[in-house]
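Enquirer: Be aware that the sequence shown starts at 9, since it is given in my numbering, and climbs by one per residue.
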Amino acid sequence: MNAPSQYSLIRALRPFSLTVALISCSLGIRLAFQDGFTDTSIALWILLGGVLAQAGINLINDVEDLPHIVSANILANIRQNRNIGIICFIGASFIAFYLISLRGWPLFIIVLFSALAALSYNFGPINFKHRGLAVIQVFLVMGVVMVQASYLSMSGQFSTHALLLSVPVSLLILSNELRDIEEDTRLGIQTLTVRIGYQNSVRLYWLLIATAYLLAIGFSFGIETPQFLWLLVPLPLLIPIRRYLQGSERSRLTPLTGRFFFLFGLTYIIALNG
């Protein structure tokens, strides 16, 4: 049985993963700023709403473990995390309603789609995680759609440019499944990593990183060289990531890939400012 610490508030919150919301929202905001939509107060509400929404998703994720838990302390931890997650959802909802009041029904449709897709990650009849589709779900909801929603919240309009530029940061998403393959296999959870095997999943992870870099380089082609070189900053983190991918310390993999994602996203945003 898993140790109670796995269900502590901090472990359930997964602070390292909140960089996904920060980077995706920041990219959409930055692209809107470049197009002349520069309301900083709306930008701050977008960032707060995105982080609260992801925190809520993280905190309720362990609810699916309730049928397998017999310890009263662990049950109490999971329920406490769930309740705090609901509070995060309420806060994110108020922010979403405010932004929808400014931008109208197109933003409402995006928010509704994101909420339903996010809650279907490991709940309900769709259950992306158990169907091996979690990678696609996270790519869309936490990447492409979140960037577009942030741009729309800033500008009041859709942008194919923002849609295209969101792809590199949306690709770096597989590390959680790599870390959890033994536990998912034991519980019979058919994630993509379980379905295709660990080594194939590692190859897919490197392919996603290579594709993200190729696209980032292509999108930033023609910018000033000093700006372009920012994309080299995250590369040293790939050395320990490679070691943990092949070793027995995979528990350290997800925080490290979270830092890599944050640095990649940050330097990508800087490079696009050229």
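Beta carbons: idealized from backbone N, C-alpha and C, even for Gly. Note that the coordinates shown come from a computational prediction; the quantities given were computed from them, not determined experimentally.
#1: For the stretch 72–126, list the alpha helix (DSSP H) runs that are entirely contained and at least 4 residues long, ordered along the chain.
#2: Of all the alpha helix (DSSP H) runs that stay within the bounds of the stretch 196–234, which reach a length of 4 or more residues?
#3: Figure out for me which residue from F272, L39, T275 has the closest Cα to the Cα of M154.
#4: Check whether the Cβ atoms of I54 and C33 lie closer than 8 Å to each other.
#5: State buried or exposed for G112, treating a residue as buried only when at least 16 other CB atoms are found within 10 Å of its CB.
#6: Secondary structure at T262, three-state DSSP: helix, strand or coil?
#7: In whole angstroms, what separates the C-alpha of R22 from that of I225?
#8: Could you have a look at I22 and say whether DSSP puts it in helix, strand or coil?
#9: Would G57 and A170 be called neighbours here (beta carbons separated by less than 8 Å)?
#10: Are there 16 or more other CB atoms within 10 angstroms of the CB of Q207, so buried, or fewer, so exposed?
#11: Please go through the same chain and pick out, in chain order, the residues whose beta-carbon is closer than 6 Å to the beta-carbon of G273, but skip the five residues on each side of it.
#12: In three-state DSSP terms, what is H138?
#13: Is the beta carbon of A63 closer than 8 Å to that of L26?
#14: Under 8 Å between the Cβ atoms of L1 and L245?
#15: In three-state terms, what does DSSP make of G313?
#16: Would you decide whether N85 is buried or exposed? Buried here means 16 or more other CB atoms lie within 10 Å of its CB.
#17: Since V59 and M150 are thought to touch, with beta carbons under 8 Å apart, how far apart are those beta carbons, to the nearest angstrom?
#18: Between the alpha carbons of A142 and R258, how many angstroms are there, rounded?
#19: Determine, using beta carbons only, whether L237 and G140 come nearer to each other than 8 Å.
#20: For P242, name the three-state secondary structure that DSSP assigns.
#21: So, at 8 Å on beta carbons, what are the nonlocal neighbours of V241 in its own chain, with the 5 sequence-adjacent residues on each side left out?
#22: Let me know the secondary structure DSSP gives G44 once reduced to three states.
#23: Answer with buried or exposed for F285, where buried requires no fewer than 16 other C-beta atoms within 10 angstroms of its C-beta.
#24: Taking 8 Å as the threshold (beta carbon to beta carbon), is I37 in contact with chain D?
#25: Looking at the structure shown, is S128 part of a helix, part of a strand, or coil, going by DSSP?
#26: Excluding the five sequence neighbours on either side, which residues of its own chain have a C-beta within less than 7 Å of the C-beta of H90, listed in chain order?
Expert: Judging by the given coordinates:
#1: Those alpha helix (DSSP H) runs which fall completely within the stretch 72–126 and span 4+ residues are 80–111.
#2: Entirely contained in the stretch 196–234, the alpha helix (DSSP H) runs reaching 4 residues are, in chain order, 200–204, 206–227.
#3: Your numbering for residue 154 matches position 146 in the sequence shown. Of the candidates F272, L39, T275, the one whose C-alpha sits nearest the C-alpha of M154 is L39.
#4: Within the sequence shown, residue 54 is the residue found at index 46, counting from 1. Within the sequence shown, residue 33 is the residue found at index 25, counting from 1. In this structure, C33 lies closer than 8 Å to I54 by Cβ.
#5: Locating residue 112 in the sequence shown gives position 104, counting from the first residue. It is exposed - the Cβ of G112 has fewer than 16 other Cβ atoms within 10 Å.
#6: For the purposes of this step, residue 262 is taken as the residue at position 254 of the sequence shown. The answer is helix: DSSP assigns T262 an H, G or I state.
#7: By 1-based counting over the sequence shown, the position of residue 22 is 14. By 1-based counting over the sequence shown, the position of residue 225 is 217. Cα-Cα distance, rounded: 30 Å.
#8: As a working mapping, residue 22 is identified with position 14 in the sequence shown. Residue identity check: residue 22 is Arg in the sequence provided, not Ile. Three-state result, R22: coil.
#9: For the purposes of this step, residue 57 is taken as residue 49 along the sequence shown, with counting starting at 1. For the purposes of this step, residue 170 is taken as residue 162 along the sequence shown, with counting starting at 1. Not in contact: G57 and A170 (Cβ atoms no closer than 8 Å).
#10: Along the sequence shown, read from residue 1 onward, the residue named residue 207 stands at position 199. Q207 should be labelled exposed.
#11: Translated into positions along the sequence shown, residue 273 becomes position 265. So the qualifying residues of the chain are I31, V177.
#12: Start at 1 with the first residue of the sequence shown, and residue 138 comes out as number 130. Note: H138 maps to coil in three-state DSSP.
#13: Looking up residue 26 in the sequence shown gives position 18. Looking up residue 63 in the sequence shown gives position 55. Using a Cβ distance threshold of 8 Å, L26 and A63 count as a contacting pair.
#14: No answer is possible for residue 1: it lies beyond the span of the chain, which begins at 9 and ends at 282.
#15: Lying before the first or after the last residue shown, residue 313 is absent from the chain, which here runs from 9 to 282.
#16: Locating residue 85 in the sequence shown gives position 77, where the first residue counts as 1. With a threshold of 16 other beta carbon atoms within 10 Å, N85 meets it and is buried.
#17: Counting from one through the sequence shown, the residue named residue 59 turns up at place 51. Counting from one through the sequence shown, the residue named residue 150 turns up at place 142. At roughly 12 Å, the Cβ-Cβ gap does not stay under 8 Å, so V59 and M150 are not in contact.
#18: The residue you call residue 142 lines up with position 134 of the sequence shown. The residue you call residue 258 lines up with position 250 of the sequence shown. Taking the straight line joining both Cα atoms gives about 19 Å.
#19: Taking the sequence shown and counting its residues from 1, one reaches residue 237 at position 229. Taking the sequence shown and counting its residues from 1, one reaches residue 140 at position 132. Against a cut-off of 8 Å, the Cβ pair of G140 and L237 comes out as no contact.
#20: Here residue 242 is taken as the residue at index 234 of the sequence shown, counted from 1. Annotated three-state conformation of P242 is coil, per DSSP.
#21: Counted from its first residue, the sequence shown places residue 241 at position 233. Apart from sequence neighbours up to five positions away, the residues of its chain that approach V241 with a beta-carbon distance below 8 Å are L271, T275, ordered along the chain.
#22: Reading the sequence shown from its first residue, position 36 is the one you call residue 44. Shown here, G44 sits in coil according to DSSP, grouped into three states, outside any helix or strand.
#23: With the chain represented from 9 up to 282, any question about residue 285 goes unanswered, as that position is not in the structure.
#24: In summary, chain D is missing from the structure at hand, where a single protein chain is found.
#25: Stepping through the sequence shown from its first residue, residue 128 is reached at position 120. The answer is coil: DSSP assigns S128 none of H, G, I, E or B.
#26: Numbered from 1 along the sequence shown, position 82 holds the residue referred to as residue 90. Note that residue 90 is Arg in the sequence shown here, rather than His. Answer for R90: L67, I68, V71, listed in chain order.
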